[in-house]
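Visitor: Residue numbers (my numbering): 77 to 329.
For each residue, glycine too, the CB sits at the ideal point set by N, CA and C.
Sharing a structure here in C-alpha cells format.
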C-alpha cells in the first residue's frame, strides 16, 4: 500500500511538472499553428533621437509591452472576439479606390472582410519612446489593407508605434494594464490602414471590443477559460524576444 501511494504521488508530481509552462517547448512555428491570428512581433525598441535628455526604456517596460502583445494575441484568437466584433458597424474614414474592396469615406465596411484583415496581421513593429509627455500614443498610418490586401503585390507596412516619454508600466495609461493594451492595439490598427477622421472612428470601435474581451480574460468570466493561453503566449514572447530583455535601451545625447 505504501509503495502504491508513493507511485501515485510520483505520478501526480510528474503530471504537474508536465503542465508547467516551459517557454523553450514552444517554437515560433508551434505557436503560430496554435494561435494563427495576430502574428505580430517586435522589430526593435528605440528612443526617438530628437529627445534632448537622458531617456531609458527599461527591461520592465519592454516586458510590459511584450506581455501586452501576448494578451492582444490571446484576445484576437478567441471566438468571443469574433462574436463581439461582428455585432458592431464600422464606417470608413479613408478613401482607397484600388484593390478588390475599394472604400470611400463614410462607407460601411464589410465587417467580415475587416475582421479577416485585423486577425491576419503578420508583421514586426517598432516600439518607440517618443518626444511627448502626455497620455497620447501614435501609430504610423499604413496602406488600407482592407482594400488592398491580396490584390496589390509587395504591399508595405507601417511599423511605427510611438509611446510617450514616461514609464510605460507605471505612468502611461495610468498604469492600468488593459488600458495600455487597448491604446497600443489602437495604434496597430493605424498601421493596418484604419483611421479616425470626419467623425468615423473604426480604430476606437475595434479597440473597445478588444478591451472588453481582455477585461473578461483578466478578471471576468473568461479568466478560467483563457488564463493558460495568456500565460503560454507571454512565455513565448519573453522567450522569442529575450535579447531585448537583457538590458535597458538608453539614449544619452
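Can you name the residues that DSSP bridges to residue 202?
Guide: Bridge partners of residue 202: 120, 236.
Visitor: Could you give the C-beta distance for residue 290 and residue 151, rounded to a whole number, given that I count them as a contact under 8 Å?
Guide: With a Cβ gap of about 5 Å, residue 290 and residue 151 count as contacting.
Visitor: Which word fits residue 329, buried or exposed, when buried means at least 16 other C-beta atoms lie within 10 angstroms of its C-beta?
Guide: So residue 329 counts as exposed.
Visitor: Let me check one thing: in DSSP terms, what residues is residue 273 bridge-paired to?
Guide: Answer is 276.
Visitor: Looking at the structure shown, is residue 131 part of a helix, part of a strand, or coil, going by DSSP?
Guide: DSSP places residue 131 in strand when its eight states are reduced to three.
Visitor: When the Cα atoms are used, what is the spatial distance from residue 279 to residue 260?
Guide: So the two alpha carbons sit approximately 11 Å from each other.
Visitor: Output the distance between the C-alpha atoms of residue 247 and residue 140, rounded to the nearest integer angstrom.
Guide: Each residue's Cα considered, the two are about 12 Å apart.
Visitor: Relative to the alpha-carbon of residue 158, which residue among 286, 198, 314 has its alpha-carbon at the smallest distance?
Guide: Measuring from the Cα of residue 158, the nearest candidate turns out to be 286.
Visitor: Verify whether the separation of the beta carbon atoms of residue 228 and residue 266 is less than 9 Å.
Guide: The answer is no: Cβ separation not under 9 Å.
Visitor: Does the separation of the CB atoms of residue 333 and residue 154 fall below 9 Å?
Guide: Because the chain here runs from 77 to 329, residue 333 falls outside it and cannot be looked at.
Visitor: By Cβ distance, which residues of its chain are closer than 8 Å to residue 188, with the 5 residues on each side in sequence left out?
Guide: Closer than 8 Å at Cβ, skipping near neighbours: 162.
Visitor: For residue 239, which of 207, 117, 223 has the nearest alpha-carbon?
Guide: The shortest C-alpha separation from residue 239 is found at 207.
Visitor: If contacts are defined as beta-carbon pairs under 8 Å, then residue 306 and residue 145 qualify, I think. What distance do you get, rounded to the angstrom?
Guide: About 11 Å; that fails the 8 Å criterion.
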